[in-house]
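K.L.:
2 protein chains.
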Amino acid sequence: MANTDSVKVRVFSLNCWGIRYLSKHCRQRYAMIGDMLCKEEHDIVLLQEVWSEKDYLFLKKKLACSHPHSHYFKSGVIGSGLAIFSKHRIHDTFLYRYSLNGYPYMVHHGDWFGGKAIGMAILSIGSLTANVYVTHLHAEYCREKDSYLPHRVVQAWELQQFVRHTSAGADVVILGGDLNMHPQDLGNRLLRSYTGLRDSFLETDEFDGCENGLTLIGDNPFISKKELVPFEKGIRIDYILFKGSTKAEIFCDSMSTTKGSVPDHPFPYSDHEALTAELRLESHTPAETGRDKQSKDSDSAAEKVAELVDIVTEARTEVKVGLHCAENMRYTATRTGAMGLALLFLELVIAAVPWLALGAEQPFPRTSFYLLAMLCFVILLTTSLLYIFYTMELKSLQGTEDQMRLAVGSLQEKLRGFPLAQPHNAQRKSPEGREPSAFDPEE
Amino acid sequence: MANTDSVKVRVFSLNCWGIRYLSKHCRQRYAMIGDMLCKEEHDIVLLQEVWSEKDYLFLKKKLACSHPHSHYFKSGVIGSGLAIFSKHRIHDTFLYRYSLNGYPYMVHHGDWFGGKAIGMAILSIGSLTANVYVTHLHAEYCREKDSYLPHRVVQAWELQQFVRHTSAGADVVILGGDLNMHPQDLGNRLLRSYTGLRDSFLETDEFDGCENGLTLIGDNPFISKKELVPFEKGIRIDYILFKGSTKAEIFCDSMSTTKGSVPDHPFPYSDHEALTAELRLESHTPAETGRDKQSKDSDSAAEKVAELVDIVTEARTEVKVGLHCAENMRYTATRTGAMGLALLFLELVIAAVPWLALGAEQPFPRTSFYLLAMLCFVILLTTSLLYIFYTMELKSLQGTEDQMRLAVGSLQEKLRGFPLAQPHNAQRKSPEGREPSAFDPEE
Numbered sequence: 014m015a016n017t018d019s020v021k022v023r024v025f026s027l028n029c030w031g032i033r034y035l036s037k038h039c040r041q042r043y044a045m046i047g048d049m050l051c052k053e054e055h056d057i058v059l060l061q062e063v064w065s066e067k068d069y070l071f072l073k074k075k076l077a078c079s080h081p082h083s084h085y086f087k088s089g090v091i092g093s094g095l096a097i098f099s100k101h102r103i104h105d106t107f108l109y110r111y112s113l114n115g116y117p118y119m120v121h122h123g124d125w126f127g128g129k130a131i132g133m134a135i136l137s138i139g140s141l142t143a144n145v146y147v148t149h150l151h152a153e154y155c156r157e158k159d160s161y162l163p164h165r166v167v168q169a170w171e172l173q174q175f176v177r178h179t180s181a182g183a184d185v186v187i188l189g190g191d192l193n194m195h196p197q198d199l200g201n202r203l204l205r206s207y208t209g210l211r212d213s214f215l216e217t218d219e220f221d222g223c224e225n226g227l228t229l230i231g232d233n234p235f236i237s238k239k240e241l242v243p244f245e246k247g248i249r250i251d252y253i254l255f256k257g258s259t260k261a262e263i264f265c266d267s268m269s270t271t272k273g274s275v276p277d278h279p280f281p282y283s284d285h286e287a288l289t290a291e292l293r294l295e296s297h298t299p300a301e302t303g304r305d306k307q308s309k310d311s312d313s314a315a316e317k318v319a320e321l322v323d324i325v326t327e328a329r330t331e332v333k334v335g336l337h338c339a340e341n342m343r344y345t346a347t348r349t350g351a352m353g354l355a356l357l358f359l360e361l362v363i364a365a366v367p368w369l370a371l372g373a374e375q376p377f378p379r380t381s382f383y384l385l386a387m388l389c390f391v392i393l394l395t396t397s398l399l400y401i402f403y404t405m406e407l408k409s410l411q412g413t414e415d416q417m418r419l420a421v422g423s424l425q426e427k428l429r430g431f432p433l434a435q436p437h438n439a440q441r442k443s444p445e446g447r448e449p450s451a452f453d454p455e456e
Numbered sequence: 014m015a016n017t018d019s020v021k022v023r024v025f026s027l028n029c030w031g032i033r034y035l036s037k038h039c040r041q042r043y044a045m046i047g048d049m050l051c052k053e054e055h056d057i058v059l060l061q062e063v064w065s066e067k068d069y070l071f072l073k074k075k076l077a078c079s080h081p082h083s084h085y086f087k088s089g090v091i092g093s094g095l096a097i098f099s100k101h102r103i104h105d106t107f108l109y110r111y112s113l114n115g116y117p118y119m120v121h122h123g124d125w126f127g128g129k130a131i132g133m134a135i136l137s138i139g140s141l142t143a144n145v146y147v148t149h150l151h152a153e154y155c156r157e158k159d160s161y162l163p164h165r166v167v168q169a170w171e172l173q174q175f176v177r178h179t180s181a182g183a184d185v186v187i188l189g190g191d192l193n194m195h196p197q198d199l200g201n202r203l204l205r206s207y208t209g210l211r212d213s214f215l216e217t218d219e220f221d222g223c224e225n226g227l228t229l230i231g232d233n234p235f236i237s238k239k240e241l242v243p244f245e246k247g248i249r250i251d252y253i254l255f256k257g258s259t260k261a262e263i264f265c266d267s268m269s270t271t272k273g274s275v276p277d278h279p280f281p282y283s284d285h286e287a288l289t290a291e292l293r294l295e296s297h298t299p300a301e302t303g304r305d306k307q308s309k310d311s312d313s314a315a316e317k318v319a320e321l322v323d324i325v326t327e328a329r330t331e332v333k334v335g336l337h338c339a340e341n342m343r344y345t346a347t348r349t350g351a352m353g354l355a356l357l358f359l360e361l362v363i364a365a366v367p368w369l370a371l372g373a374e375q376p377f378p379r380t381s382f383y384l385l386a387m388l389c390f391v392i393l394l395t396t397s398l399l400y401i402f403y404t405m406e407l408k409s410l411q412g413t414e415d416q417m418r419l420a421v422g423s424l425q426e427k428l429r430g431f432p433l434a435q436p437h438n439a440q441r442k443s444p445e446g447r448e449p450s451a452f453d454p455e456e
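Chains as they are written, first to last, in the numbering used here: chain A, 14 to 456; chain B, 14 to 456.
(1) Where do the ends of the beta strand (DSSP E) carrying Ala96(A) lie?
(2) Rank Leu76(B), Lys317(B), Lys67(B) by C-alpha distance to the C-alpha of Leu50(B) and give the top, closest one.
(3) Restricting to runs no shorter than 4 residues, where is the alpha helix (DSSP H) found entirely within the segment 53-93 of chain B?
(4) Cβ of Gly128(A) within 7 Å of Cβ of Ser93(A)?
(5) Where does Tyr344(A) land, buried or exposed, given buried means 16+ other C-beta within 10 angstroms?
(6) Give me the DSSP bridge partner(s) of Asp415(B).
(7) Of all the CB atoms in chain B, is at least one closer than 7 Å to the CB of Lys21(A)?
(8) From the beta carbon of Lys246(A), is the nearest beta carbon of chain B less than 7 Å away?
(9) At a Cβ cut of 7 Å, what residues of the segment 176-206 of chain A count as close to chain B, listed as they run along the chain?
(10) Within the segment 186-265 of chain A, note down every full beta strand (DSSP E) run reaching 3 residues or more, in order along the chain.
(11) Can you give me the start and stop residues for the alpha helix (DSSP H) that Gly127(B) sits inside?
(12) Would you mind stating whether Thr413(A) and Val167(A) have Cβ atoms separated by less than 7 Å?
(13) Among all the DSSP beta bridges, which residues are the ones paired with Arg110(B)?
(14) Could you have a look at Leu27(B) and say whether DSSP puts it in helix, strand or coil?
(15) Return the bridge partner residues of Ile135(B) from the DSSP annotation.
(16) Tell me whether Thr404(A) is buried or exposed, calling it buried when 16 or more other Cβ atoms sit within 10 Å of its Cβ.
(17) According to DSSP, is Asp18(B) part of a helix, a strand, or is it coil?
(18) Tell me whether His149(A) sits in a helix, a strand or coil according to DSSP, three-state version.
(19) If distances are taken between C-alpha atoms only, which option among Gln425(A), His149(A), Gly353(A), Leu359(A) comes closest to Leu394(A)?
(20) Within 10 angstroms of the Cβ of His337(B), are there 16 or more other Cβ atoms? Answer buried if so, exposed if not.
(21) Which residues in the same chain as Ile250(A) place their Cβ atom closer than 7 Å to its Cβ, once the five residues preceding and following it in sequence are excluded?
(22) Touching or not, the segment 254-265 of chain B and the segment 205-218 of chain B, by the rule of three or more beta carbon pairs under 8 Å?
(23) Scan the segment 37-69 of chain B for residues whose Cβ lies nearer than 7 Å to a Cβ of chain A and list them as they occur along the chain.
(24) Measuring alpha carbon to alpha carbon, tell me which residue in Leu188(A), Leu424(A), Ser283(A) is nearest Arg2(A).
(25) Just how far apart, CA to CA, sit Gly31(A) and Met133(A)?
(26) From which residue to which residue does the beta strand (DSSP E) around Arg293(A) run?
(27) Based on DSSP bridge pairs, tell me the residues matched to Met405(B).
(28) Could you give the C-beta distance for Val325(B) and Met417(B), rounded to a whole number, given that I count them as a contact under 8 Å?
(29) List the whole-angstrom C-beta distance separating Asn144(A) from Ile131(A), where the pair is believed to meet the contact cut-off of C-beta under 8 Å.
(30) Under 7 Å between C-beta atoms, does Arg379(B) make it to chain A?
(31) Phe358(A): buried (16+ other C-beta within 10 angstroms of its C-beta) or exposed?
(32) Please report whether the beta-carbon of Gln411(B) lies at a distance below 7 Å from any beta-carbon of chain A.
(33) Taking the continuous alpha helix (DSSP H) assigned at Glu171(A), which residues delimit it?
(34) Who does Thr380(B) pair with in a DSSP beta bridge?
(35) Taking any Cβ of chain B, which residues in the segment 83-107 of chain A have a Cβ under 9 Å from it, in chain order?
(36) Use the C-beta contact count for Arg156(A): other C-beta atoms within 10 angstroms, 16 or more gives buried, fewer gives exposed.
Put into structure tokens, the structure is as follows:
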């Protein structure tokens, strides 16, 4: 056996925009997607927004020959919308639900009902163990005044934690999905810096697709250009990321996206563009490249830690903004609830007065009385539910802030361990089977 | 440096029963717990049911010298109640919230509000990386008719998944907490078989404590013996579990529990007994014991897989029972909601009749009308919320069932790979840094 084995892996990712009866041409588009996947025979297919299990089962049936292994991740009220199809055997799956995901009363945005999550599947590709992740983060509805930003930052934080902590045993890591973040957005930097995941669009040797790798484009007939302002041409929010380990290196040979239309079809697969990355996995005997990579990377390790400290600090600020908002909202709910309670109490007093002054034969305004009582009751119930919800939101935000504070402390401690004069001391201890560029503060 | 380094680690676990104003002598007990921990100086202290952050901060202040590192895990409405104090630096923490955790309307049980979770902390103990987990599972209120059993089985399933997937990079794994399961309960077998975690009570060389290691005993003054029937003496539901890796072996030298009272104090620390385990970690150079252990374990690997298939199948049955229950509950909620809607419709028709027959001067029964409308509204709101809740429960149960089915398939595939005649082929590929006895279906 040669020292280096090379395996090609084609990865596909698409946000299917699959809201039955609401998304345009939903059934026809699933049929198109099924036909294309059946023909293209990608190794790994990562789908988002497959909101209906029926559509998943339709694809599963259609891809039974080309992709015998699949998994649909269930979560929330509607589902996580995440599905994976694979030519390689799926040995194990695991789901992590984001602790924050919008608000249940923002029904028209609907993110809360989706139960957004990270789906993980462990695959064997040849002799390598691949951890494959698929995820979909909370949408950004208004970039200028993005009230969901703290939620998305917490999701990005949990995503990097989950990937980092679950991938220590993996030889290669592949993550695909709709991150709903621009390439340089805080959450994206957090994810890439902490995990060491690399962006296939930036790493590829060949690229064929939309300008700048855009995945939500103005030329797509399902997109209203107005919504994209000030990014008329489009935005890049869907990604295929990857990283190797000391056991295997991973390269992106080529990458492509659809360009807003599909030849011979009247409309595209979805409102998002589909991504395809051709990855090449090269497995080594552990001793071979580990040391080369280590010495190469140790030079920049201190810089990376310093950068990470900045990013986590920025993320912490964003989470604090969210904390402040949630506290305000909870305070408003409490105050409204207290007003409802006071009103109810006032009503009871008014009712008790004629009851006490039995003789007075004034007509009691029953209708208004019951209407008002009903109003008080609804106010009390709603504010109680909101109070519970905001308390849970606060706990999640506080918990994340605590973790981030700990992380900054740990990183700063690590930074002190890098004497500027001796950069080669930097990575004294590199755990086996881990990519040294992937930054683990637990070391 | 010698080939084998030995480090002693003392681990403490206690369910503090810390419901402010409700748990008896709560403040005094925290003061006692603080004094004892300060004096005993355990390496790792794992606490559950620290419901109030104020109590955590009280302990943190008290233990600032003996345990400079600590973390409090926030989740749910009240909190997860989980806290960790450590003499060794905590580098990183991560929290996994169980997807199922009782029902919000079972307010008197309160588990739902607690947001039960698994807290993970990554510690450096000497040159070793230790993954330390603390958790608290849903309580069992009635063993004969345990309506929460499916929830607890799902929690045990998620616990084993979380430990298994996050510990691949760890040299040693320590888990402590109130599992609310007897030693041979399904969830416990699932956890131990899948992860390879060993029970310190069963593994210890020396034991000093309650008979059979009981941790919830009839002799504890805070316990009503009636509640323990038919286990008058008590039950064992708190555990300290551990496992090593190919890099380090772990042994339990001695273990002790409190015995329902504390010398020189009028009452014990809690309604649960406190556990202390003295563990010994022996680190090796990777090559040394890996191979010995591998050949020793491969003989019984096939048996272990077969056992695991049985356990997962049993767990799947339990989850299916839960699924059936949740479906019934959702059906009941739907039916009740439909009745509320019909009633509201009927009311509107009745109201419309006198309005249409304008001339008729019959007195309209306003009071009953508004009362009934209020009732309809409350029914509709409540059943809608219940419908959403049960749908989320169903999704979680279905998701777990899917994962279990996949796991059984994967295990059976593995079982076919063990030819009875060649038991030594069994573990052809053993990933580095992992304990071969810890059973990983992703291999």
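Just so you know, even glycine gets a beta-carbon here, dropped at the ideal spot from N, CA and C.
For clarity, every value in this text was computed on a predicted model and none was experimentally measured.
P.N.:
From the atom records:
(1) The residue you call residue 96(A) lines up with position 83 of the first sequence. Note, Ala96(A): beta strand (DSSP E), 95-99.
(2) For the purposes of this step, residue 50(B) is identified with residue 37 of the second sequence, where counting begins at 1. Of the listed residues, the one whose Cα sits closest to Leu50(B) is Leu76(B).
(3) Whole alpha helix (DSSP H) segments, 4+ residues: 66-75.
(4) In the first sequence, the residue the question calls residue 128(A) occupies position 115. In the first sequence, the residue the question calls residue 93(A) occupies position 80. Yes.
(5) Mapped onto the first sequence, residue 344(A) falls at position 331. Result: exposed.
(6) Within the second sequence, residue 415(B) is the residue found at index 402, counting from 1. Answer is none; Asp415(B) lacks a bridge partner.
(7) Taking the first residue of the first sequence as 1, we reach residue 21(A) at position 8. At a cut-off of 7 Å, the C-beta of Lys21(A) has no neighbouring C-beta in chain B.
(8) Indexing the first sequence from 1 puts residue 246(A) at position 233. Under the Cβ criterion of 7 Å, Lys246(A) is not counted among the residues facing chain B.
(9) If the cut-off is 7 Å between Cβ atoms, the segment 176-206 of chain A has His178, Thr179, Ala181, Gly182 near chain B.
(10) Entirely contained in the segment 186-265 of chain A, the beta strand (DSSP E) runs reaching 3 residues are, in chain order, 219-221, 251-256.
(11) As a first step, residue 127(B) is located in the second sequence; it is residue number 114 there, counting from the start. 124-127 is the span of the alpha helix (DSSP H), which, as asked, contains Gly127(B).
(12) In the first sequence, counting from the first residue as 1, residue 413(A) sits at position 400. In the first sequence, counting from the first residue as 1, residue 167(A) sits at position 154. Yes, Cβ-Cβ distance for Thr413(A) and Val167(A) is below 7 Å.
(13) Locating residue 110(B) in the second sequence gives position 97, where the first residue counts as 1. Looking at the DSSP assignment, Arg110(B) forms a beta bridge with Ala130(B).
(14) Looking up residue 27(B) in the second sequence gives position 14. In the structure shown, Leu27(B) falls within a strand segment according to DSSP collapsed to helix, strand and coil.
(15) As a first step, residue 135(B) must be located in the second sequence, where it is residue number 122. Answer is Asp105(B), Asn144(B).
(16) Translated into positions along the first sequence, residue 404(A) becomes position 391. With 16 or more other Cβ atoms within 10 Å, it is buried.
(17) Translated into the one-based positions of the second sequence, residue 18(B) becomes position 5. Three-state result, Asp18(B): strand.
(18) By one-based count along the first sequence, residue 149(A) stands at place 136. It is a strand residue.
(19) Taking the first sequence and counting its residues from 1, the one referred to as residue 394(A) is at position 381. When each option's Cα is compared against that of Leu394(A), the closest is Gly353(A).
(20) Here residue 337(B) refers to the residue found at position 324 of the second sequence. Counting of Cβ neighbours within 10 angstroms places His337(B) among the exposed residues, the total staying below 16.
(21) By 1-based counting over the first sequence, the position of residue 250(A) is 237. Counting only residues of its own chain and dropping the five nearest sequence neighbours on each side, Ile250(A) has a CB closer than 7 Å to the CB of Asp191, Leu192, Asn193, Met194, His195, Thr228, Leu229.
(22) In short, these stretches touch, since the Cβ pair count reaches three.
(23) Under the 7 Å Cβ criterion, the segment 37-69 of chain B contributes no residue.
(24) Nothing in the structure corresponds to residue 2(A), since chain A is present only between 14 and 456.
(25) One-based indexing of the first sequence puts residue 31(A) at position 18. One-based indexing of the first sequence puts residue 133(A) at position 120. Computed Cα separation, rounded: 21 Å.
(26) Taking the first residue of the first sequence as position 1, residue 293(A) is located at position 280. It spans 288-296 - the beta strand (DSSP E) in which Arg293(A) sits, taken as one unbroken run.
(27) Taking the first residue of the second sequence as position 1, residue 405(B) is located at position 392. In the DSSP output, where bridge partners are listed per residue, Met405(B) has none listed.
(28) Here the question's residue 325(B) lines up with position 312 in the second sequence. Here the question's residue 417(B) lines up with position 404 in the second sequence. Going by Cβ atoms, the distance from Val325(B) to Met417(B) rounds to 5 Å, so yes, they are a contact pair.
(29) Start at 1 with the first residue of the first sequence, and residue 144(A) comes out as number 131. Start at 1 with the first residue of the first sequence, and residue 131(A) comes out as number 118. The pair is not a contact, with the Cβ atoms about 11 Å apart (cut-off 8 Å).
(30) Sequence index remark: in the second sequence, residue 379(B) carries index 366 (1-based). Chain A contact via Cβ: present.
(31) Position 345 of the first sequence, counting from 1, holds the residue named residue 358(A). Exposed, since its Cβ has fewer than 16 Cβ neighbours within 10 Å.
(32) For this step, residue 411(B) is matched to residue 398 along the second sequence. At a cut-off of 7 Å, the C-beta of Gln411(B) has a neighbouring C-beta in chain A.
(33) Within the first sequence, numbered from 1, the residue matching residue 171(A) stands at position 158. Segment 162-179, the alpha helix (DSSP H) holding Glu171(A).
(34) Residue numbering aside, residue 380(B) sits at position 367 when the second sequence is read from its first letter. Under DSSP, Thr380(B) forms no beta bridge with any residue.
(35) Flagged, chain order: His84, Tyr85, Phe86, Lys87, Ser88, Gly89, Val90, Ile91, Gly92, Ser93, Arg102, Ile103, His104, Asp105, Thr106, Phe107.
(36) Numbered from 1 along the first sequence, position 143 holds the residue referred to as residue 156(A). Looking at its Cβ environment, which holds fewer than 16 other Cβ atoms inside 10 Å, Arg156(A) is exposed.
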